[in-house]
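Colleague: The opening position of the sequence shown corresponds to residue 46 in the numbering used here, with each subsequent residue numbered one higher.
Note that the Cβ used here is the ideal one computed from N, Cα and C, for glycine as well.
Please read all numbers here as calculations on a predicted model, not as lab measurements.
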Amino acid sequence: MKTIILLLAIALVCSACSKNSVATAPGNQAAKATGELHYSVPEGWQVERPNSNMRVAQYKLPKADGDNADAELVLYYFGQGQGGSAQANIDRWLNQMQQPDGSSSKEKAKIETLTVNSMPVTTVDVLGKYNGGMASPGAAPSATPLDMSNYRLRAAIIETPKGSYFVKLTGPQKTVSHWEQAYTDYINSFEFK
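1. Which same chain residues end up closer than 6 Å to S149 when comparing Cβ atoms and leaving out the 5 residues on each side of it in sequence?
2. Note down the Cα distance separating V42 from K108, rounded to an integer number of angstroms.
3. Could you say if the segment 159 to 171 and the segment 228 to 235 meet the contact criterion of at least three C-beta pairs nearer than 8 Å?
4. How big is the Cα-Cα spacing for T229 and K153?
5. Could you pull the DSSP bridge partners for M290 from this structure?
6. With which residues is K238 paired in a DSSP beta bridge?
7. Going by C-alpha distance, which of H223, L214, E225, Q226 is nearest L139?
8. Indicate whether Q144 and G173 have their beta-carbon atoms separated by less than 8 Å.
9. Taking 6 Å as the limit between beta carbons, can you name the residues of its chain near H223, skipping five residues before and five after?
10. Measure the C-alpha to C-alpha separation of Q74 and K207 and round it to an integer number of angstroms.
Given below as structure tokens:
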């Protein structure tokens, strides 16, 4: 049954390539809430196959001229009541960014709360040296480690009737800034119906 649900989720993500939008229905959602999370995938984002069942969707945002790496955006869903509190996730994300002057990333971060299509959304935006995240399962170690000292982390927690979804965008500062409007449009496109 999990395999069928996973294949369905992958098919829905892949359909975003042609329709530029997707409805997600991960298999470990509680049956109490009805509806699905819908959103639009910005042009230029490359849909990738999620490499974990916790990842609803995964995208590569092509690097800006002069940057050494692409950015990655992942949409996570762990199930209703799962994934931790908003503050626990914010703290974890901020701890993944190291400041060059040794100060706390919490002091440098821009944290906002807003409402998108009747859903509470908390956003995080911080610069620094990225030292967090989990390696992709099965990913080969890089022969030349990337310099992640000038990275930007943008993240959002979208609270839906079926539980929270977590968006995490990481990449070189210039590349993430290049995709600023697309990221904002992506967050504003979230709708639960």
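Modeller: On the basis of the supplied data:
1. none
2. Summary: the structure shown does not reach residue 42, with the chain confined to residues 46 through 238, and so no result is reported for it.
3. yes
4. Rounded to whole angstroms, T229 and K153 show a C-alpha spacing of 20 Å.
5. Outside the shown range of the chain, which is 46 to 238, sits residue 290, and nothing can be said about it.
6. Answer is none; K238 lacks a bridge partner.
7. L214
8. Going by C-beta atoms, Q144 is nearer than 8 Å to G173.
9. Only residues of its own chain outside the window of five on either side were considered, and among them A109 have a CB closer than 6 Å to the CB of H223, listed in chain order.
10. Per-residue confidence for Q74 stands at a pLDDT of 38, beneath the threshold of 50, marking its modelled position as unreliable; no derived number is given.
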